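J.: Residue numbers (our numbering), protein chains in the order written: chain A, 1 to 109; chain B, 110 to 654. The beta-carbon is built from N, C-alpha and C at its ideal position, and this holds for glycine as well. All of these numbers come straight from a predicted model, not from anything done at the bench. Handing you this structure, nothing more for now.
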Amino acid sequence: MKIENTKAQMRKGVLEYCILSILENGEAYPSEIIEKLKTGKLIVVEGTLYPLLTRLKNAGLLTYRWEESKSGPPRKYYELTPIGKNFLKELETTWDDLVKAVKLTRRAK
Amino acid sequence: MNQTVTVNISGIVFHIEVDAYEELKKYLNKIRSYFKNSEESEEIMADIEARIAELFNEKITSENQVVNTNDVDEVITIMGKPEQYVDEDEEKEQSYSSNQRNYMTAKKLFRNPDERAVGGVASGIAAYFGMATIWMRLFFIIALFVGFGFLLYIILWIVIPEAKTASDKLQMRGDDVNIDSIGKTFKEEADRMSDNFRKTGQQYGKKAEVVVGGFFNLLSQIVQGILKIFGKIFGVILLIVGTFWLVGLVSMLVGSEMVFSITSDGIFSLESSEFFNVIFVSENQFHLAVVGIILSVGLPIVMLIYGGVKLLFNVKTHSGVGVGLFILWVIGLFMCAMVGIKMGTELSQDETIVTKEIISLTDSDFHISASTVDNPGKGILEDNYSVISLDEDSIYQNYVRLYIEESKTDSMELRVIKSSGGKSRKDAVNNAKMISYSYSVTDSSFFLGNYLSVLKEDKIRGQQIKLKLYLPVGKTIYLDKSLKYILYDVDNVTRTRDKKMVNKKWVMLEDGLTCLDCEDLEGVTSVQLDSIKAYKPIIEEINEK
Numbered sequence: 001m002k003i004e005n006t007k008a009q010m011r012k013g014v015l016e017y018c019i020l021s022i023l024e025n026g027e028a029y030p031s032e033i034i035e036k037l038k039t040g041k042l043i044v045v046e047g048t049l050y051p052l053l054t055r056l057k058n059a060g061l062l063t064y065r066w067e068e069s070k071s072g073p074p075r076k077y078y079e080l081t082p083i084g085k086n087f088l089k090e091l092e093t094t095w096d097d098l099v100k101a102v103k104l105t106r107r108a109k
Numbered sequence: 110m111n112q113t114v115t116v117n118i119s120g121i122v123f124h125i126e127v128d129a130y131e132e133l134k135k136y137l138n139k140i141r142s143y144f145k146n147s148e149e150s151e152e153i154m155a156d157i158e159a160r161i162a163e164l165f166n167e168k169i170t171s172e173n174q175v176v177n178t179n180d181v182d183e184v185i186t187i188m189g190k191p192e193q194y195v196d197e198d199e200e201k202e203q204s205y206s207s208n209q210r211n212y213m214t215a216k217k218l219f220r221n222p223d224e225r226a227v228g229g230v231a232s233g234i235a236a237y238f239g240m241a242t243i244w245m246r247l248f249f250i251i252a253l254f255v256g257f258g259f260l261l262y263i264i265l266w267i268v269i270p271e272a273k274t275a276s277d278k279l280q281m282r283g284d285d286v287n288i289d290s291i292g293k294t295f296k297e298e299a300d301r302m303s304d305n306f307r308k309t310g311q312q313y314g315k316k317a318e319v320v321v322g323g324f325f326n327l328l329s330q331i332v333q334g335i336l337k338i339f340g341k342i343f344g345v346i347l348l349i350v351g352t353f354w355l356v357g358l359v360s361m362l363v364g365s366e367m368v369f370s371i372t373s374d375g376i377f378s379l380e381s382s383e384f385f386n387v388i389f390v391s392e393n394q395f396h397l398a399v400v401g402i403i404l405s406v407g408l409p410i411v412m413l414i415y416g417g418v419k420l421l422f423n424v425k426t427h428s429g430v431g432v433g434l435f436i437l438w439v440i441g442l443f444m445c446a447m448v449g450i451k452m453g454t455e456l457s458q459d460e461t462i463v464t465k466e467i468i469s470l471t472d473s474d475f476h477i478s479a480s481t482v483d484n485p486g487k488g489i490l491e492d493n494y495s496v497i498s499l500d501e502d503s504i505y506q507n508y509v510r511l512y513i514e515e516s517k518t519d520s521m522e523l524r525v526i527k528s529s530g531g532k533s534r535k536d537a538v539n540n541a542k543m544i545s546y547s548y549s550v551t552d553s554s555f556f557l558g559n560y561l562s563v564l565k566e567d568k569i570r571g572q573q574i575k576l577k578l579y580l581p582v583g584k585t586i587y588l589d590k591s592l593k594y595i596l597y598d599v600d601n602v603t604r605t606r607d608k609k610m611v612n613k614k615w616v617m618l619e620d621g622l623t624c625l626d627c628e629d630l631e632g633v634t635s636v637q638l639d640s641i642k643a644y645k646p647i648i649e650e651i652n653e654k
């Protein structure tokens, strides 16, 4: 069992939650999302994000609109759908529970 | 000076160095191959390309308008290699939903030098199809008996290269191969080739590009189609053969009135469950044998059918299945071996009981005939007579043989020898005693039964009847036609074969048994005729007496 794998697994679990959280405050395009995720060291390479976004969009949690960009091709601006908002709320509760559980467990040591 | 190409990424035009272009193309193709089968692949690719275009755009300045390999390397570092971000769960999900692998490292057919019985052909093929080697070996062994196995093996041995290097061996095991992935590999190969040709074509004009590219696309599609069809045909064949054998096996064990051909002139029409019953010692042993046969013979058949279905419908393989089936198969073999050993001890001893009949000599010809009536049971037939058959309480066997030899004394004697196998001498004697065999002897004739019978509870234990007739010199006998199947390797001066000896008069002379009326014998060679003529005076002399 490699430590890297376990770390990656842990990050992966919260990645979707974090993407949805970033979009909670309003729409964003992939590069912006990547910036925020990178500062939190949640992703290492950008390629990770695109399949995830597409999947979340196809699951009905996200929607996007096109916007022209001065620095390159048009950008996709993603935002949460009502389903996505509910989804996020549930994830938030779950996350809080998890954090509590982890804290409790660590204190119990 | 570096050559550059112009590319369009997400609607933006870039000048890019040829080397950098190749690298970028390779990178994009790799990503594409990872997402190839997911429905979202087009969209993901478009997003990724858009981001790459954005990144390139940032690098381009008025001084440096050309994208070089450094830029591409940087972009690849930022975006990451596909294996870094396609997580395993996704792969599995997708491969379940589409029954295909999303990526593959090309798998190649090699002979496996590490696991070889003869040339490593079977284990190589097994590795290629991701199955246990034993099934492939079994296939070749069966094929050997069917007749084409030897040639097939030799051809494959010659055609398939041996896995020599480590990478050969890796490729030998590679990913699962099914018809789609074989087709896919070919398509990728053809795509690469058509790309190469397209590039060359650019130097000669657009026409060549279209023609050559189109040609390779068409070719790849045709070959893919042919591969698919062959795979399906092979699958159908496996399915048919497997089903046929399975039906045969099941009906043999269930014992419905199935007709099997066992020899060229014999037909098996015995209810086989009944047949097994008279062989095995106990119900338990019988069941053990049946389960053993089902496992050891049935499982390979099931694997055939499974293989056929897999080829036809692209069923996903579960790796545990092969191992499990193999273990069951070994257990089956073990059970058969146990029964076999038990049966062996059951027949380890042979004993005989001899009844002597002394016949008083008269001048008349002695007439020997046998019953021509088939026994009352129902069973295995040969030339319309039962070899082994059963009725409600008896087993009938036609193991009756008549030997004719010269008597050492002046008297004529018939010895009826009953013999049987058994697990001990006592047991064998008992078994021999239980044989009932009917014959009648008078001063001028024998009438011999053509079968022996034992009670069902005595089982088949190699019972046989040997009849030895000792003829004194000068005695004449007439062998009736009905003895055709009973006469066994009877020596005579003309070396006439048993089946031709019947319907004739024979006399025992000092040189051996001699025919008295053989001139009309069909198929007699001139040498034989000469020897008959040489005996003529002696025969006449005897006749005069």
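Helix, strand or coil, according to DSSP, for residue 624 of chain B in the structure here?
T.: In this structure, residue 624 of chain B counts as strand in the three-state DSSP scheme.
J.: Classify residue 534 of chain B: buried if its beta carbon has 16 or more other beta carbons within 10 angstroms, exposed otherwise.
T.: Looking at its Cβ environment, which holds fewer than 16 other Cβ atoms inside 10 Å, residue 534 of chain B is exposed.
J.: Looking at residue 20 of chain A: is its Cβ nearer than 8 Å to the Cβ of residue 98 of chain A?
T.: Cβ distance not < 8 Å, so residue 20 of chain A and residue 98 of chain A don't count as in contact.
J.: Between the segment 470-480 of chain B and the segment 553-568 of chain B, do at least 3 Cβ pairs fall closer than 8 Å?
T.: They touch, by the three-pair rule.
J.: Tell me the DSSP secondary structure of residue 81 of chain A in three-state form.
T.: Residue state, collapsed to three classes: coil.
J.: Name, please, each residue of chain A whose Cβ falls closer than 9 Å to the Cβ of residue 167 of chain B.
T.: The contacting residues are 71, 72.
J.: Along chain A, which residues have their Cβ under 9 Å away from the Cβ of residue 121 of chain B?
T.: Those are 72, 73, listed as they occur along chain A.
J.: Would a check of beta-carbon distances place residue 220 of chain B closer than 8 Å to chain A?
T.: With 8 Å as the cut-off, residue 220 of chain B does not count as an interface residue toward chain A.
J.: For residue 56 of chain A, is the beta carbon positioned less than 7 Å from some heavy atom of the ligand MG?
T.: As for the ligand MG, it is missing from this structure, which has no ligand bound.
J.: Taking C-alpha atoms, which residue in B/128, B/140, B/616, B/339 lies nearest to residue 513 of chain B?
T.: Out of B/128, B/140, B/616, B/339, B/616 has the C-alpha closest to the C-alpha of residue 513 of chain B.
J.: Against residue 30 of chain A, what residues of chain B qualify as contacts under a CB-to-CB distance less than 8 Å, listed in chain order?
T.: Under the 8 Å cutoff, chain B gives 156, 160.
J.: Is the distance from the Cβ of residue 441 of chain B to the Cβ of residue 405 of chain B below 8 Å?
T.: Closer than 8 Å, so yes.
J.: Using a Cβ-Cβ cut-off of 8 Å (strictly less than) and excluding sequence neighbours within five positions of residue 139 of chain B, which residues of its own chain qualify?
T.: Excluding residues within five positions, the ones whose Cβ falls inside 8 Å are 190, 191.
J.: Using the Cα positions of residue 368 of chain B and residue 355 of chain B, report the straight-line distance between them to the nearest angstrom.
T.: Note that residue 368 of chain B has pLDDT 38, beneath the 50 cutoff, so the model's placement of it is unreliable and the number below is only indicative. Approximately 15 Å between the Cα atoms of the pair.
J.: If you measure from the beta carbon of residue 189 of chain B to each beta carbon in chain A, is any gap under 8 Å?
T.: It does; some Cβ of chain A falls within 8 Å.
J.: Nearest to residue 528 of chain B by alpha carbon, out of B/546, B/519, B/517, B/520?
T.: Per the Cα distances, B/546.
J.: On the DSSP letters alone, give me the boundaries of the alpha helix (DSSP H) that residue 522 of chain B sits inside.
T.: Per DSSP, residue 522 of chain B belongs to no alpha helix (DSSP H); it is in the beta strand (DSSP E), 521-531.
J.: Near residue 474 of chain B, which residues of its chain fall below 6 Å by C-beta distance, leaving aside the five closest residues on each side in sequence?
T.: Within the same chain, residue 474 of chain B has close Cβ partners 585, 587.
J.: Looking only at C-alpha atoms, which of B/461, B/484, B/399, B/408 sits nearest to residue 447 of chain B?
T.: Comparing Cα-Cα distances from residue 447 of chain B to each of B/461, B/484, B/399, B/408, the minimum goes to B/399.
J.: How is the alpha helix (DSSP H) around residue 86 of chain B delimited, first residue to last?
T.: Any question about residue 86 of chain B goes unanswered here, given that chain B covers just 110 to 654.
J.: Determine whether the Cβ of residue 210 of chain B lies closer than 8 Å to any Cβ atom of chain A.
T.: For residue 210 of chain B, the pLDDT reaches just 37, beneath the cut-off of 50, and the residue's location in the model is therefore unreliable, although a value from the coordinates is still provided. Not an interface residue.
J.: Rounded to the nearest angstrom, what separates residue 66 of chain A and residue 77 of chain A at their Cα positions?
T.: So the two alpha carbons sit approximately 6 Å from each other.
J.: Could you pull out every unbroken alpha helix (DSSP H) segment of at least 4 residues lying fully inside the segment 437-503 of chain B, listed in chain order?
T.: Taking only runs of at least 4 residues, no alpha helix (DSSP H) segment lies wholly in the segment 437-503 of chain B.
J.: Roughly how many angstroms separate the alpha carbons of residue 444 of chain B and residue 343 of chain B, rounded to a whole number?
T.: For residue 444 of chain B and residue 343 of chain B, the distance between alpha carbons rounds to 33 Å.
J.: Tell me whether the beta-carbon of residue 241 of chain B lies closer than 8 Å to the beta-carbon of residue 418 of chain B.
T.: Contact: no.
J.: State yes or no: is the C-beta of residue 166 of chain B within less than 8 Å of the C-beta of residue 126 of chain B?
T.: No, these two residues do not count as a Cβ contact at 8 Å.
J.: Counting C-beta neighbours from all protein chains within 10 Å, is the total for residue 174 of chain B 16 or more, i.e. buried, or is it exposed?
T.: Counting Cβ neighbours within 10 Å, residue 174 of chain B comes out exposed, since fewer than 16 surround it.
J.: Just to make sure I have the definition right: I need the residues of chain B whose C-beta is within less than 9 Å of the C-beta of residue 78 of chain A. Which are they?
T.: Chain B residues near residue 78 of chain A: none, gap ~11 Å exceeds 9 Å.
J.: Alpha carbon to alpha carbon, how far is residue 349 of chain B from residue 410 of chain B? Give it in angstroms, no decimals.
T.: Near 11 Å, if we compare the C-alpha coordinates of residue 349 of chain B and residue 410 of chain B.
J.: Report the neighbours of residue 99 of chain A on chain B: residues whose CB is nearer than 8 Å to its CB, in chain order.
T.: The contacting residues do not exist; residue 99 of chain A stays about 24 Å from chain B at best.
J.: May I ask you to list the residues that DSSP assigns as paired with residue 66 of chain A?
T.: DSSP lists A/76 as partners of residue 66 of chain A.
J.: Beta-carbon separation of residue 235 of chain B and residue 245 of chain B under 8 Å?
T.: It is a contact, given that the beta carbons lie within the stated cut-off.
J.: Using 8 Å as the cut-off, can you tell me whether the segment 262-275 of chain B makes contact with the segment 452-466 of chain B, which would need three or more C-beta pairs spanning the two stretches below that distance?
T.: At 8 Å Cβ cutoff, the stretches do not touch.
J.: Name the chain B residues that come within less than 8 Å of residue 14 of chain A, Cβ to Cβ?
T.: Here the premise fails: no neighbours, minimum Cβ distance about 14 Å.
J.: Could you tell me whether the Cβ of residue 163 of chain B comes closer than 8 Å to any Cβ of chain A?
T.: Interface residue, yes.
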